[in-house]
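Novice:
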Amino acid sequence: MLLVAGLIPTLVAFFILTVAVVLLIHAVLVQERRMDQYQRAGRSRKMTMESFYQGMFYIGAFAISWIPFVVFGFKEYIFASVHKPSYYVMLAVTPLHGVMNAGVYFRPRLKAERERNPTDSTCKSLMQVLHIKCCCNRKSKEGAGDTPVITTDQQTEDDAEKGNEKKIQTNALAGDPKTATINLEAAQNAEIGSEKKVITSS
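Going by my numbering, 15 is the number at position 15 of the sequence shown; the sequence numbering is gapless.
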């Protein structure tokens, strides 16, 4: 009964999965060969290799999950008894098929996230892919909070104050000594006030 209800459908599903992956890889390869004449840098098989690795991961996830079940089924069918080690391995591994499929599904997204942000940790990239907020983003947020943000209006105002200071200093040097001394003191006071304002705003 187990042979008909479990083993044969599992082997058929494994065969269909393998054939589907092979056909997919072949289709991508044919498409890339057609695009070779439009490639200036020469032929590229990047998409074919990515399809190959992704298909192998799908087949691997299915095989790891269901091979223990096949082994247990054949042993029970041949020896007409339950082989406990293979039975426990089957119970532990077969339910993990969904977890392995999730890993295969999120692998390209994690790879793309790592390529976009190579300086981020693996944990942070994984949380970004899964849309989960956790402590991985805490360090980067704290670091970003320590750096003062200067707006465009503030920068324009600071540049204007610096221009006024230079104008005062120029007028001070062009006048008589008494007026130059007074104007120079005014320029120094304006510069001190500008520095205090920058420190307060930061």
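Glycine residues also receive a C-beta, built at the ideal position from the N, C-alpha and C atoms.
For chain C, find out if any of its Cβ atoms is closer than 8 Å to the Cβ of Gly55; answer yes or no.
Specialist: Reference to chain C is not applicable here, since this structure consists of a single protein chain.
Novice: With a Cβ-Cβ cutoff of 8 Å, do Thr119 and Val70 count as a contact?
Specialist: Looking up residue 119 in the sequence shown gives position 119. Looking up residue 70 in the sequence shown gives position 70. No; because the gap between Cβ atoms is not below 8 Å, this pair is not in contact.
Novice: According to the neighbour-count rule (16 or more other Cβ atoms, all chains shown, within 10 Å of its Cβ), is Val19 buried or exposed?
Specialist: The residue labelled residue 19 in the question sits at position 19 within the sequence shown. So Val19 ends up on the exposed side.
Novice: With three or more C-beta pairs closer than 8 Å as the rule, is the segment 89-104 touching the segment 66-81?
Specialist: Counting Cβ pairs under 8 Å, three or more are found: they touch.
Novice: What's the gap between the Cα of Leu7 and the Cα of Phe79?
Specialist: For this step, residue 7 is matched to residue 7 along the sequence shown. For this step, residue 79 is matched to residue 79 along the sequence shown. Roughly 15 Å separates the two Cα atoms.
Novice: At which residues does the alpha helix (DSSP H) containing Gln128 begin and terminate?
Specialist: For the purposes of this step, residue 128 is identified with residue 128 of the sequence shown, where counting begins at 1. Looking at the DSSP string, the run of the alpha helix (DSSP H) that includes Gln128 is Thr122 to Leu130.
Novice: Helix, strand or coil: how does DSSP classify Gly60 here?
Specialist: Counting from one through the sequence shown, the residue named residue 60 turns up at place 60. In the structure shown, Gly60 sits in a helix (DSSP, three-state: H, G or I).
Novice: Using 8 Å as the threshold, is the segment 53-68 in touch with the segment 97-105, meaning 3 or more CB pairs across them?
Specialist: As far as the Cβ criterion goes, the segment 53-68 touches the segment 97-105, which means the pair count is three or higher.
Novice: Less than 8 Å between the CB atoms is what I'm expecting for Ser51 and Val93, so what's the real figure, rounded?
Specialist: Along the sequence shown, one-based indexing puts residue 51 at 51. Along the sequence shown, one-based indexing puts residue 93 at 93. Not quite, the Cβ-Cβ distance comes to about 27 Å (not below 8 Å), so this is no contact.
Novice: Rounded to whole angstroms, what's the CA-CA distance from Glu113 to Phe15? Just pull it up for me.
Specialist: As a working note, residue 113 is residue 113 in the sequence shown. As a working note, residue 15 is residue 15 in the sequence shown. The alpha-carbon atoms of Glu113 and Phe15 are separated by roughly 33 Å.
Novice: What are the boundary residues of the alpha helix (DSSP H) that Tyr105 is part of?
Specialist: By one-based count along the sequence shown, residue 105 stands at place 105. Where Tyr105 is concerned, the enclosing alpha helix (DSSP H) stretches over His97 to Arg116.
Novice: Could you give the DSSP three-state label for Gly42: helix, strand or coil?
Specialist: Here residue 42 refers to the residue found at position 42 when the sequence shown is read from its first residue. Three-state DSSP puts Gly42 in coil, outside helix and strand.
Novice: Looking only at its chain, what residues have a beta carbon closer than 8 Å to the beta carbon of Lys133, apart from the 5 residues adjacent to it on each side?
Specialist: On the sequence shown, position 133 is the one that residue 133 refers to. Same-chain partners within the cutoff: Met127.
Novice: Can you tell me whether DSSP reads Pro148 as helix, strand or coil?
Specialist: The residue you call residue 148 lines up with position 148 of the sequence shown. With a pLDDT of 48 at Pro148, under the threshold of 50, the modelled position of this residue cannot be trusted, and the question is left open.
Novice: Identify whether Val30 lies in helix, strand or coil by the three-state DSSP scheme.
Specialist: Along the sequence shown, one-based indexing puts residue 30 at 30. Val30: helix per DSSP, three-state reduction.
Novice: Output needed for Val30: all residues of its chain with C-beta closer than 8 Å, excluding positions within five of it in sequence on either side, in chain order.
Specialist: As a first step, residue 30 must be located in the sequence shown, where it is residue number 30. Within the same chain, Val30 has no close Cβ partners at all.
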